[in-house]
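Quick note: the sequence shown uses this note's numbering, first residue 56, plus one each step. C-beta atoms are modelled at their ideal positions from N, C-alpha and C, and glycine is treated no differently. Here the structure is laid out as structure tokens; the discussion comes afterwards.
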Amino acid sequence: MIEYCYREKLIDHQDYAESLKNTMIRTTDKGPKIYQQKLYQLGIEPNIIEMFTELYREQQELDDIIPNC
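Encoded structure:
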């Protein structure tokens, strides 16, 4: 059943990590460590966590430089 869900993209950890990243950057002042912890707690694969945590850092830095209007 789980394999079926992965195949049909009903479970997509990369998509979830991307969505959570975007939401947290827009709605919280939490840093990448909190983001990383949430992904670990949810059982996301370590390679996905590392990749998206780095993207979180980069995007958060850009948002600090160029604030949303």
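ask   = Which class does I121 belong to by DSSP, given the choice of helix, strand or coil?
value = Along the sequence shown, read from residue 1 onward, the residue named residue 121 stands at position 66. Correct three-state label for I121: coil.
First and last residue of the uninterrupted alpha helix (DSSP H) at T164 = Here the chain covers residues 56 to 124 and nothing more, so residue 164 does not appear.
task = Give the C-beta separation of I80 and Q114 to the nearest angstrom, bearing in mind that I take them to be a contact with Cβ-Cβ under 8 Å.
result = On the sequence shown, position 25 is the one that residue 80 refers to. On the sequence shown, position 59 is the one that residue 114 refers to. Yes, they are in contact, since the Cβ atoms of I80 and Q114 sit about 6 Å apart, within 8 Å.
Residues near K76 in its chain [Cβ-Cβ closer than 8 Å; skip 5 each side] = Position 21 of the sequence shown, counted from the first residue, corresponds to residue 76. Within the same chain, K76 has close Cβ partners Y90, F107, L110, Y111 and Q114.
ask   = Cα separation between Y95 and Y71?
value = As a working note, residue 95 is residue 40 in the sequence shown. As a working note, residue 71 is residue 16 in the sequence shown. If I take the Cα positions, the gap works out to 13 Å.
ask   = Just how far apart, CA to CA, sit M56 and D119?
value = Position 1 of the sequence shown, counted from the start, is the residue given in the question as residue 56. Position 64 of the sequence shown, counted from the start, is the residue given in the question as residue 119. Taking the straight line from one Cα to the other gives about 43 Å.
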